[in-house]
Amino acid sequence: IVSGSGDTSLESEVLRGSGANVVHESAQRWEDVGASTFESADALLVWRMGGAGLDAATLARFHRLRALVRIGVGFDGIDLQAAGMLGIAVCNVPAYGTEEVADTALAHILALYRKTSLLGRRVASGHISSSLNSRVQSEARGAPRIRGQRLGIVGLGRIGTAVALRARPFGFAVGFYDPFLPDGWHKALGGLTRFDSVEALAESSDCISLHCTHNPSS
Numbered sequence: 014i015v016s017g018s019g020d021t022s023l024e025s026e027v028l029r030g031s032g033a034n035v036v037h038e039s040a041q042r043w044e045d046v047g048a049s050t051f052e053s054a055d056a057l058l059v060w061r062m063g064g065a066g067l068d069a070a071t072l073a074r075f076h077r078l079r080a081l082v083r084i085g086v087g088f089d090g091i092d093l094q095a096a097g098m099l100g101i102a103v104c105n106v107p108a109y110g111t112e113e114v115a116d117t118a119l120a121h122i123l124a125l126y127r128k129t130s131l132l133g134r135r136v137a138s139g140h141i142s143s144s145l146n147s148r149v150q151s152e153a154r155g156a157p158r159i160r161g162q163r164l165g166i167v168g169l170g171r172i173g174t175a176v177a178l179r180a181r182p183f184g185f186a187v188g189f190y191d192p193f194l195p196d197g198w199h200k201a202l203g204g205l206t207r208f209d210s211v212e213a214l215a216e217s218s219d220c221i222s223l224h225c226t227h228n229p230s231s
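Mapping of the sequence shown onto the numbering used here: position 198 corresponds to residue 211, and the numbering continues sequentially without gaps.
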């Protein structure tokens, strides 16, 4: 397990009885991973690694690796073609953090609209009184009414869908762009508008929320 956290109790419990030896490598760069890991690891569980990807050269350093699990949704930092040529199966955890990321995305959207973060910082710093006086009203001026605003979502996967479902009760009209989503899928969610291009979505939206992986096609 390669991550910034030293707690491997969950993985050790799950693998107990399998004969697997769970070893933790606390590293943020592959240069900091010990030589013994490259020589003896049969399977690898990888956390964020400080944004460091797994390119062909790094994958080739493993002598016995046959399974690589990205602890999270995205695996865009892994050279999948190189892994396949080396016989390394690559997996991810598609359900990881869906609710938490969607909650956080909507919290940011609401904070942008209602200026709650800005006003909270102003109050905490003593810049303005917490009472509804003229200075508070001045700071809050320009916060738009949410109902009827268009929220555009790029990527209607698990998290994008979760954001759409959370946004609608607040009064957002939700549109999306996702070229990989089958025709008609969004109709099961009811009330979402599909756009044929990012440009068309952007022109129609008051706020955009990105929920797509970082790769050449996106």
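Even for Gly, the Cβ is constructed at its ideal location relative to N, Cα and C.
Residues that DSSP places opposite residue i in a beta bridge
i	result
Cys-220	Leu-164
Val-5	Residue 5 cannot be examined here, being either before or after the span of the chain that is shown, 14 to 231.
Val-82	Leu-58, Cys-104
Arg-207	Phe-189
Cβ-based burial, residue i [other Cβ within 10 Å; buried from 16]
i	result
Leu-164	buried
Thr-50	buried
Arg-158	exposed
Ser-218	buried
Thr-117	exposed
Arg-154	exposed
Thr-206	exposed
Alpha helix (DSSP H) segment containing residue i, residue limits
i	result
Arg-171	171–180
Val-46	No alpha helix (DSSP H) holds Val-46; DSSP gives it neither H nor E.
Arg-127	111–127
Leu-72	69–73
Ala-96	93–98
Leu-194	Unbroken run through Leu-194: none, as it is neither H nor E.
Leu-23	22–27
Residue-level contact to chain B via CB, residue i, 7 Å cutoff
i	result
Ala-33	Within the model displayed, chain B is absent; a lone protein chain is all it includes.
Backbone CA spacing between residue i and residue j [nearest angstrom]
i	j	result
Ala-96	Val-27	25 Å
Ala-56	Leu-81	6 Å
Leu-99	Ala-73	8 Å
Asp-191	Val-167	6 Å
Val-106	Ile-172	13 Å
Ser-130	Ile-122	11 Å
Thr-226	Gly-66	14 Å
Ala-230	Gly-85	In the sequence on display, residue 230 carries Ser and not Ala. Going by the C-alpha atoms only, they are around 20 Å apart.
Host beta strand (DSSP E) of residue i (start-end)
i	result
Ala-186	186–190
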